[in-house]
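A.B. asks: Questions regarding the structure given below will be posed in turn.
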Amino acid sequence: MAIVTGGASGIGAASAALLAENGATVIVADTQESKGAGRFVQHDVASEAAWKALIADVLAREGRLDIMVNNAGISGGPGTIETTTVEEWKRVHAVNADGVFLGCKYAIEGMKHTGPDKARSKGSIVNVSSVAGLIGSAGPTAYTASKGAVRLLSKSVALYCAEKKYGIRCNSVHPGGVDTAIFNPLWQMVGREQGKAMIDAVHPIGHMGEPAELGEVVLWLASDRSSFVTGAEIVADGGMTTGLMRRTGFAAP
Amino acid sequence: MPRLENKTVLISGAASGIGAATARQVVQEGGSAVLADRDAEAGRGLAAELGDRAVFTPLEVTDEASWQAAVAASLEAFGALHGLLNAAGVGAPSDIEACTIEEWRRVNDVNSLGTFLGCKSAIDAMRRSGGGSIVNISSVLGLRGAAHAMAYNASKGAVRSLTKNVAMHCAQTKSNIRCNSVHPGYIDTPMIAPRLGATVGNMSGRQWLEALHPLGRLGKAEEVASMIVFLLSDESTFSTGSEFVCDGGLTA
Chain G
462 MAIVTGGASG IGAASAALLA ENGATVIVAD TQESKGAGRF VQHDVASEAA WKALIADVLA
522 REGRLDIMVN NAGISGGPGT IETTTVEEWK RVHAVNADGV FLGCKYAIEG MKHTGPDKAR
582 SKGSIVNVSS VAGLIGSAGP TAYTASKGAV RLLSKSVALY CAEKKYGIRC NSVHPGGVDT
642 AIFNPLWQMV GREQGKAMID AVHPIGHMGE PAELGEVVLW LASDRSSFVT GAEIVADGGM
702 TTGLMRRTGF AAP
Chain R
-7 MPRLENKTVL ISGAASGIGA ATARQVVQEG GSAVLADRDA EAGRGLAAEL GDRAVFTPLE
53 VTDEASWQAA VAASLEAFGA LHGLLNAAGV GAPSDIEACT IEEWRRVNDV NSLGTFLGCK
113 SAIDAMRRSG GGSIVNISSV LGLRGAAHAM AYNASKGAVR SLTKNVAMHC AQTKSNIRCN
173 SVHPGYIDTP MIAPRLGATV GNMSGRQWLE ALHPLGRLGK AEEVASMIVF LLSDESTFST
233 GSEFVCDGGL TA
């Protein structure tokens, strides 16, 4: 039983499709309707009431929760430290940071009610951070700070669940530039072809990622194949943060 | 020559702990210190003790207008602004299950939003003063996880990433402003005072925290302050966007 927030598009949709293909019952929790894999539930990750209702509904229907993919996120505007308003900071943090905090908190609530039918691994929480959580130049200011919060939040959750012997793992995923709607503002600014060439150029592998490539990472972390992995930062960025970066003057979301 | 001669430094959380220790060293090193804090009594007292090159200004770090007033007060008192230390912070012993949304927001507002607003409010004044150095206090918990400090953990991760973003912006705009994060271990300050008297197994809270550090003791605020002075001074002009750890070997 899996919940994927932001599962209607991009990395979330690819993750939902792969989880479903591999035998999971998937709920796609999103603010926009999903036409892809899984059962769609209208959901605002920043609302605690929405989380309470979602987990109660999942437990009532399915009696269990095994996988939580906290993927919903927004890039916000292209604000720098000088131009980002308090309102923009709070809007981005409400989704990217508060949303993942609540997602973890209520995932644990749901997973604790899941029976101990698997000896070693009961639940897996996958939080989608970003390369912006690792390096400073990879996104707008509010977005970058929120992804840094997700990076460390994931470790606290991992250690807490380990200490409590809940059998719940928690890891963060750090994608580089992936071809999703998050880049729409850039495509609108410079055109898709030129924009894509700019993003391709900051990845040593020579191209930006496809959603399914991140879906595979999420699937692996969600599955028991990663049963010894917790509190880790899994980077899938085409080598972007591996070497000395070539600065193009463009900051990817 | 004093290391901070002719430099003015604005310090949030200056009334106690690392902020206060840094204010003392800034003045000792020939600089001027603007002590900003919500604790007016302690802040005014320290400013009076430090003499002519220290002034107090009230500051609520979560309020942008309050930050703008503090920057204006710095310019009014000393005519320029070259350094900013974001030292104001709150701890909270909360795990992912126990933490309420209200506590999550309180911790993140002070530690993360507060540091964001400090950087945002000071950059233009620093640029007009010819540039300078921003130091943000993160924590070892901005580098490593801790089960029972979830909201603090997240907020210090945000400060770590924010710092790099600010450093890159200032570099790209050729503002001659550097920005680095400092990651202290457990420092003997009012922030951790409530934990020292507690009991953990057969140890006091102090003994338990001391044992975390390979050096076998808590850090002193002065030890962190001397790292901050290095970062505020022109001794560190090629360092920006970096993580400076001061933790008695805790993360080694």
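Those protein sequence lines, which keep their order, are chains G and R. Position one of the first sequence corresponds to residue 462 (my numbering), numbered consecutively onward. Position one of the second sequence corresponds to residue -7 (my numbering), numbered consecutively onward. All residues carry an ideal CB built from backbone N, CA and C; glycine is no exception.
How would you write the range of the alpha helix (DSSP H) that R/N145 sits in, first residue to last?
C.D. replies: Per DSSP, R/N145 belongs to the alpha helix (DSSP H) from M142 to Q164.
A.B. asks: Just curious, the alpha helix (DSSP H) that G/T541 is in, first and last residue?
C.D. replies: Unbroken run through G/T541: none, as it is neither H nor E.
A.B. asks: So, does the segment -5 to 15 of chain R touch the segment 680 to 696 of chain G, judging by three or more C-beta pairs under 8 Å?
C.D. replies: Output reads no: the segment 680 to 696 of chain G does not touch the segment -5 to 15 of chain R.
A.B. asks: Report the partner residues of G/N531 according to the DSSP bridge assignment.
C.D. replies: Paired residues: G/N588.
A.B. asks: Given a cut-off of 8 Å, decide if R/H175 and R/V132 are closer than it, judged by their beta-carbon atoms.
C.D. replies: Cβ distance < 8 Å, so R/V132 and R/H175 count as in contact.
A.B. asks: Who pairs with R/N172 in a beta bridge, going by DSSP?
C.D. replies: R/V127, per the DSSP bridge assignment.
A.B. asks: Is it right to say G/I643 is buried, meaning 16 or more other beta carbons lie within 10 angstroms of its own, or is it exposed?
C.D. replies: The residue is buried, with at least 16 neighbouring Cβ atoms inside 10 Å.
A.B. asks: Counting only beta-carbon atoms, is R/N145 nearer than 8 Å to chain G?
C.D. replies: R/N145 counts as touching chain G.
A.B. asks: Helix, strand or coil, according to DSSP, for R/G83 in the structure here?
C.D. replies: In the structure shown, R/G83 sits in coil (DSSP, three-state: anything other than H, G, I, E or B).
A.B. asks: Can you give me the start and stop residues for the beta strand (DSSP E) that R/N78 sits inside?
C.D. replies: Note, R/N78: beta strand (DSSP E), G75 to N78.
A.B. asks: Under 8 Å Cβ to Cβ from G/F562, same chain only, skipping five residues before and after it: list those, please.
C.D. replies: Once the five neighbours on either side are set aside, the close Cβ partners of G/F562 are L614.
A.B. asks: If you draw a straight line from the C-alpha of R/I115 to the C-alpha of G/P601, how long is it?
C.D. replies: Going from the Cα of R/I115 to the Cα of G/P601 covers about 17 Å.
A.B. asks: Out of G/A474, G/G628, G/K566 and G/D698, state which residue places its alpha-carbon closest to the alpha-carbon of G/G499.
C.D. replies: That would be G/A474, whose Cα lies nearest to the Cα of G/G499.
A.B. asks: The beta strand (DSSP E) spanning R/T14 covers which residue range?
C.D. replies: Here R/T14 belongs to no beta strand (DSSP E); instead the alpha helix (DSSP H) covers G9 to Q20.
A.B. asks: Sort out for me which residues DSSP pairs R/M195 with in a bridge.
C.D. replies: According to DSSP, R/M195 bridges with R/V192.
A.B. asks: Let me see if you follow: with CB-CB separation under 8 Å, is R/M142 close to chain G or not?
C.D. replies: Yes - at least one Cβ of chain G is within 8 Å of the one on R/M142.
A.B. asks: Kindly identify the DSSP beta-bridge partner or partners of R/I179.
C.D. replies: R/G211.
A.B. asks: Taking the alpha-carbon positions, what's the R/T243 to G/K626 distance?
C.D. replies: About 24 Å.
A.B. asks: In three-state DSSP terms, what is G/A477?
C.D. replies: Helix.
A.B. asks: What does G/I629 reach in chain R if we use C-beta pairs closer than 8 Å?
C.D. replies: Residues of chain R passing the Cβ test: none, with the nearest at roughly 10 Å.
A.B. asks: List, in order along the chain, the chain G residues whose C-beta lies closer than 8 Å to that of R/G233?
C.D. replies: Those within 8 Å of R/G233 in chain G are G597.
A.B. asks: My guess is that R/A34 and R/T49 are in contact by the Cβ rule of under 8 Å, so how many angstroms apart are they, rounded?
C.D. replies: In fact, because the Cβ distance is near 13 Å, the residues do not count as touching under 8 Å.
A.B. asks: What does the Cβ neighbour count give for G/H574, buried or exposed, with the cut at 16 atoms within 10 Å?
C.D. replies: When all chains shown are included, G/H574 counts as exposed.
A.B. asks: Quick one: what does DSSP say G/H668 is sitting in, helix, strand or coil?
C.D. replies: Of the three classes helix, strand and coil, the one that applies to G/H668 here is coil, per DSSP.
A.B. asks: Quick check on this structure: which residue in R/G124, R/E56 and R/A40 has the alpha carbon closest to the alpha carbon of R/T107?
C.D. replies: Checking every option, the nearest Cα to that of R/T107 belongs to R/E56.
A.B. asks: In three-state terms, what does DSSP make of R/S234?
C.D. replies: R/S234 falls in the coil class under three-state DSSP.
A.B. asks: Determine the chain R residues that contact G/K608 at a beta-carbon separation under 8 Å, and present them in chain order.
C.D. replies: Per Cβ cutoff of 8 Å: S153.
A.B. asks: Could you spell out where the beta strand (DSSP E) holding G/I488 opens and where it closes?
C.D. replies: Residues V487 to D491.
A.B. asks: Are the C-beta atoms of G/V679 and some chain R residue less than 8 Å apart?
C.D. replies: No, G/V679 lies away from the interface with chain R (no Cβ there is under 8 Å from its Cβ).
A.B. asks: At the level of alpha carbons, what is the spacing between G/M701 and G/V663?
C.D. replies: Each residue's Cα considered, the two are about 6 Å apart.
A.B. asks: Comparing the C-beta of R/N157 with each C-beta of chain G, is any distance below 8 Å?
C.D. replies: Closer than 8 Å to some Cβ of chain G, the Cβ of R/N157 qualifies, so yes.
A.B. asks: Restricting to Cα atoms, I'd like to know which of R/I93, R/L27 and R/A40 is closest to R/G5.
C.D. replies: Nearest option by C-alpha distance: R/L27.
A.B. asks: What in chain R is Cβ-close to G/K583, meaning under 7 Å?
C.D. replies: Going along chain R, no residue has its Cβ under 7 Å from G/K583, so there is no contact; the nearest lies around 15 Å.
A.B. asks: When DSSP labels each residue in this structure, what does G/P646 get in the three-state scheme?
C.D. replies: Helix.
A.B. asks: Check whether the Cβ of G/L705 lies closer than 8 Å to any Cβ atom in chain R.
C.D. replies: Not one chain R Cβ lies under 8 Å of G/L705.
A.B. asks: By how many angstroms is the C-alpha of G/G471 removed from the C-alpha of R/L105?
C.D. replies: Roughly 29 Å between the two C-alpha positions.
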